[in-house]
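Start counting the sequence shown at 31; every next residue gets the next number (the numbering used here).
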Amino acid sequence: MNAGVRASVTIPQLLPVMTQVGPTLPDYKCTIVVGDEGPRPDDGTVLSFQRLLSESLPADFPKASSGDLAILPFSSGTTGLPKGVKLSHRNLVVNLQQAGHSEMRLYDSDTG
Numbered sequence: 031m032n033a034g035v036r037a038s039v040t041i042p043q044l045l046p047v048m049t050q051v052g053p054t055l056p057d058y059k060c061t062i063v064v065g066d067e068g069p070r071p072d073d074g075t076v077l078s079f080q081r082l083l084s085e086s087l088p089a090d091f092p093k094a095s096s097g098d099l100a101i102l103p104f105s106s107g108t109t110g111l112p113k114g115v116k117l118s119h120r121n122l123v124v125n126l127q128q129a130g131h132s133e134m135r136l137y138d139s140d141t142g
């Protein structure tokens, strides 16, 4: 509620939680499910990520720059209540670059 959530991305196992919580949030539009092509409500509140990628659906995407907020995961709150962690588009891109760097890998397929 503090984050101003308008959409969420989840996995099939957590979809029941979002179908209950989502409609209670002000300005909430939809939930996007990754990894499942099961039946969906016809009201547009639950969308398949695969379908969004494969079909030309009308969408009103906002303009975004690298410093804009991209995601707002919440910490576990080990020292108090959970807190939103603001990550920009730039943060996500750099994290992907780091993950692909050979010296950053925890598991090397060559060494097993």
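The beta carbon of each residue, even a glycine, is placed where N, CA and C say it ideally should be.
Through-space distance from residue j to residue i, alpha-carbon basis
i	j	result
G65	G114	25 Å
L117	G110	20 Å
S106	T75	27 Å
G34	H131	34 Å
Q128	H119	14 Å
G97	V124	12 Å
A94	R36	16 Å
Supposed contact pair residue j and residue i - C-beta distance, whole angstroms, cut 8 Å
i	j	result
I101	F79	Actually they are not in contact, since the Cβ atoms of I101 and F79 sit about 15 Å apart, beyond 8 Å.
F104	P112	4 Å
Proximal residues to residue i (C-beta, below 6 Å), its chain only, five neighbours per side dropped
i	result
S38	M48 and T61
L45	V63
For residue i: DSSP bridge partner residues
i	result
L83	Answer is none; L83 lacks a bridge partner.
I101	L117
L77	I62
T40	V63
Spatial neighbours of residue i in its chain, beta-carbon cut-off 8 Å, leaving aside the 5 residues before and after
i	result
Q43	none
I41	V63, V64, G65 and D66
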